[in-house]
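Just below is one structure, and these are the notes that go with it.
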Amino acid sequence: MSDFLLMGVGDRRAVVVAAANPQLQFFENFPGKGGAGNVAYSNGTLSIHAVNIPLSLSFGYPVVLLSASSNALSNWLGEIHFGLYSLNGSTLSLANSASAAGSFITTAYSWMSMATSATQNISPGAWYFGLNIFTSGVAVHTSLSFFVNSSINPQNAIPGGFLMGRMTASTNAMPGSIATSDLDITGSDAIRQPYIIITA
Amino acid sequence: MPQLDFQHNGLVMNQNLIINNGSLSFFPFLINDSISWVNFNVAMVYGASGSKTQSLSVGLYSISGSSLSLTNSITGSFGITATGQALNRFWFSATATSATQNINPGNWYFGILFSTVGASSNISFGVGASLASAGNAFPGGFIGGAMTNSTNALPSSIATSNLNITGIDAMFIPCIIISA
Chain W
29 MSDFLLMGVG DRRAVVVAAA NPQLQFFENF PGKGGAGNVA YSNGTLSIHA VNIPLSLSFG
89 YPVVLLSASS NALSNWLGEI HFGLYSLNGS TLSLANSASA AGSFITTAYS WMSMATSATQ
149 NISPGAWYFG LNIFTSGVAV HTSLSFFVNS SINPQNAIPG GFLMGRMTAS TNAMPGSIAT
209 SDLDITGSDA IRQPYIIITA
Chain D
765 MPQLDFQHNG LVMNQNLIIN NGSLSFFPFL INDSISWVNF NVAMVYGASG SKTQSLSVGL
825 YSISGSSLSL TNSITGSFGI TATGQALNRF WFSATATSAT QNINPGNWYF GILFSTVGAS
885 SNISFGVGAS LASAGNAFPG GFIGGAMTNS TNALPSSIAT SNLNITGIDA MFIPCIIISA
């Protein structure tokens, strides 16, 4: 009798788990229609922010929305890097990354899709999106802007646990780990988030 | 699994985008937990004076690979009076789904079709805070798009490759609220 009951429980769990963990087709860090416009980013300045991913998602194609105001960007020599971080205590650890380089449409916004470095199924929960842009060669990054969600400029640091911030030192790589204490968490540069979509 | 009473896609609507007769657009909609679908609301704007009546069909689509499939629908109409919603924003609201349905968590798509009967001029969707129109097609997986041809019915299935995914007219998303 006991064996029969255990088998019944096992079957039921399998069905419930399959129904409770569907796979997302895509995830956006904020509804794109809520974007506040485009803001230029400093060269080599990594920004990072928290997201709550509600369901499992394949780390397929991170996509950003950019505005290019200079014709020189049609031959831009820079790169855009995306980092997927997890947080343990006060340390962010790089779990995966993606990058892209290329030209842009200079009369409109451009979607840019990044190539991932490794396949991964992102599990539901809190993750941290890092984005960095840096130029090697022609310094035209000041003509390149990300579509972002905020332009407000709070004068005090974000209270509570770590939510978002920006490296104050320039870097040309996506760090393997970052201490949250090394991130600036005050002002508009720290809290604005570039629009990021990850599609499977 | 908890059951939602409502779900919306962000109540930001400082901009308007005009709607064309017979146009069918597919808007992504993320359901965080299960919800029994009863009511559908979408933000709209009527930019003229005088009365107006218009019908509208809403399809709930699932996606599998590169194909959208119709799973449920709502059809309704709204009337605008000269002294009512004219020149203002308003909610189109409908409650008669074609079948009872508990929508599972995940990415879904609402296909919204304006009737080809009667002129839809001066009617817009209430959309986001800032319009960003990309000049290239969206890369990666499908996140929404619009039919280029006019239609007078919600298709039971449609290939995403048949949808326009370039520019704000194809990729905009109106404010949508659904409730149990």
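Going down the list, the sequences are from chains W and D. Residue numbers for the first sequence, in my numbering: 29 to 228. Residue numbers for the second sequence, in my numbering: 765 to 944. Note that beta-carbon positions come from the ideal geometry of N, C-alpha and C, so glycine has one too.
Inset, instruction - Indicate whether at least one CB of chain W lies closer than 7 Å to the CB of D:ILE907. - result: yes
Inset, instruction - Answer yes or no: does any C-beta atom of chain W fall closer than 7 Å to that of D:VAL822? - result: no
Legend entry - For D:PHE902 and W:SER209, the rounded distance between their alpha carbons: Spanning the two alpha carbons is a distance of roughly 36 Å.
Inset, instruction - Return no unless some Cβ of chain D is closer than 7 Å to the Cβ of W:ALA46. - result: Low local confidence applies: a pLDDT of 37 at W:ALA46 is under 50, so the model's placement there is unreliable, with the coordinate-based value given in what follows. For W:ALA46, the answer is no, since every Cβ of chain D falls outside 7 Å of its Cβ.
Legend entry - Backbone CA spacing between W:PRO182 and W:THR214 [nearest angstrom]: 7 Å
Inset, instruction - Look at W:LEU94 and W:GLY111 and say whether their C-beta atoms are less than 7 Å apart. - result: no
Inset, instruction - Tell me whether W:GLY60 sits in a helix, a strand or coil according to DSSP, three-state version. - result: helix
Inset, instruction - Pull up the CB-CB distance for D:GLY905 and W:TYR137, whole angstroms please, since I reckon it's below 8 Å. - result: Going by Cβ atoms, the distance from D:GLY905 to W:TYR137 rounds to 19 Å, so no, they are not a contact pair.
Legend entry - Proximal residues to D:ILE922 (C-beta, below 6 Å), its chain only, five neighbours per side dropped: Correct list, in chain order: LEU832.
Inset, instruction - Leaving aside the five residues before and after D:SER862 along the sequence, list all residues of the same chain whose C-beta is less than 7 Å from its C-beta, in chain order. - result: ASN836 and SER837
Inset, instruction - Give a yes or no on whether 7 Å exceeds the smallest Cβ distance from W:SER216 to chain D. - result: No, its Cβ sits nowhere closer than 7 Å to a Cβ of chain D.
Legend entry - Residue environment, D:GLN771, which counts as buried when at least 16 other CB atoms sit within 10 Å: buried
Inset, instruction - Tell me whether W:GLN51 is buried or exposed, calling it buried when 16 or more other Cβ atoms sit within 10 Å of its Cβ. - result: By the 10 Å Cβ count, W:GLN51 comes out exposed.
Inset, instruction - State yes or no: is the beta carbon of D:SER897 nearer than 7 Å to at least one beta carbon in chain W? - result: yes
Inset, instruction - Could you check which residue in D:ARG853, D:ASN803 and D:MET911 has the C-alpha nearest to that of D:GLN779? - result: D:ARG853
Legend entry - Where the alpha helix (DSSP H) through D:ALA934 begins and ends: In the DSSP annotation of this structure, the continuous segment of the alpha helix (DSSP H) that includes D:ALA934 starts and ends at 932-935.
Legend entry - Inter-residue spacing [alpha-carbon to alpha-carbon] between D:TYR810 and D:THR845: 10 Å
Legend entry - Assigned exposure category for W:ILE180 - 16 Cβ within 10 Å defines buried: exposed
Legend entry - Run of the alpha helix (DSSP H) containing D:SER925, from where it starts to where it stops: That residue, D:SER925, is in no alpha helix (DSSP H); it is neither H nor E in DSSP.
Legend entry - Short Cβ contact (7 Å threshold) for W:LEU85 with W:GLY158: no
Legend entry - Beta-carbon gap between D:PHE790 and D:GLY931 smaller than 7 Å: no
Legend entry - Three-state secondary structure assigned by DSSP to W:ASP212: strand
Inset, instruction - Give, in chain order, every unbroken run of the beta strand (DSSP E) that is at least 3 residues long and sits entirely within the stretch 848-911 of chain D. - result: If we require 3 residues or more, the beta strand (DSSP E) runs fully inside the stretch 848-911 of chain D come out as 853-858, 870-878, 887-891 and 909-911.
Inset, instruction - Identify the contact partners of D:ILE799 in chain W, using a Cβ-Cβ distance below 8 Å as the criterion. - result: None at all; the shortest Cβ gap to chain W is about 13 Å.
Inset, instruction - Using the Cα positions of D:ASN913 and D:LEU927, report the straight-line distance between them to the nearest angstrom. - result: When rounded, the distance between both Cα atoms is 9 Å.
Inset, instruction - Drop a sphere of 10 angstroms on the beta-carbon of W:THR227, count the other beta-carbons inside from all chains shown, and report buried for 16 or more, exposed for fewer. - result: buried
Legend entry - Inside the stretch 146-197 of chain W only - beta strand (DSSP E) runs reaching at least 3 residues: 153-162, 172-176 and 192-195
Inset, instruction - Quick one: list the residues of chain D neighbouring W:LEU52, beta-carbon separation under 7 Å, in chain order. - result: GLY870 and ASN871
Legend entry - W:PRO59 to D:SER798 span [Cα, whole Å]: 20 Å
Inset, instruction - Please check the pair D:TRP855 and D:ASN805, which I expect to be a contact at CB under 8 Å, by giving their CB distance rounded to whole angstroms. - result: 5 Å
Legend entry - Those residues which DSSP pairs with W:PRO90 across a bridge: Answer is W:ILE226, bridged to W:PRO90.
Inset, instruction - Please name the residue or residues paired with D:MET777 in a DSSP beta bridge. - result: None; D:MET777 has no bridge partner.
Legend entry - CB-CB length for W:ALA128 against W:ALA143, believed under 8 Å: 6 Å
Inset, instruction - For chain W, find out if any of its Cβ atoms is closer than 7 Å to the Cβ of D:GLY786; answer yes or no. - result: Not closer than 7 Å to any Cβ of chain W, the Cβ of D:GLY786 fails to qualify, so no.
Legend entry - Cβ of W:PRO152 within 7 Å of any chain D Cβ: no
Legend entry - DSSP state of W:ALA123 mapped onto helix, strand, coil: strand
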